[in-house]
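Here is the structure we will look at, set down as structure tokens.
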Amino acid sequence: MSDPLTDRLKTLIVNTLKLDGVRPEDIPDDEPLIGSVRFGLDSIDALELVLTLEKEFGLKIGSSEESRKALASVGALAAYIRSRQPAA
């Protein structure tokens, strides 16, 4: 079963970073986002993505260490966002 948050994150990643030839469903939940040979995201991409995520989800990703952990993979990013969202 598909997770709506990870699906949304994958779409955001593709659209924000203008990943030509990559579809959201092509991004595995557990593949590293930064330093991945497959996607080639660098520190500028990470910063752009963090800014989009902060705006989209109304959260603040503090330090570079925190952003590195949050952007470890789509799964890690979903867990990070869930841990900072108010309980429904």
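Sequential numbering from 1 applies to the sequence shown in my numbering. Note that the Cβ used here is the ideal one computed from N, Cα and C, for glycine as well.
When the distance is taken between beta carbons, is residue j closer than 8 Å to residue i?
i: Ala78; j: Leu19; result: no
i: Ile27; j: Ile44; result: no
i: Ile61; j: Val74; result: no
i: Leu41; j: Leu47; result: no
Shortest alpha-carbon distance to residue i belongs to which of the options?
i: Asn15; options: Gly75, Leu53, Ala72; result: Leu53
i: Asp30; options: Gly62, Thr6, Arg82; result: Thr6
i: Leu59; options: Ala46, Pro32, Leu47, Arg84; result: Arg84
i: Glu25; options: Ser2, Ser36, Arg68, Gly35; result: Ser2
In terms of residues, what are the limits of the alpha helix (DSSP H) holding residue i?
i: Ser43; result: 43 to 57
i: Ile81; result: 74 to 84
i: Ser63; result: Ser63 -> no alpha helix (DSSP H), and no H or E assigned at all.
i: Asp7; result: 4 to 17
Rounded to whole angstroms, what is the Cα-Cα separation between residue i and residue j?
i: Glu66; j: Ala72; result: 10 Å
i: Ala76; j: Gly21; result: 24 Å
i: Arg82; j: Phe57; result: 10 Å
i: Thr11; j: Pro4; result: 11 Å
i: Ala70; j: Tyr80; result: 6 Å
i: Gly35; j: Ser64; result: 15 Å
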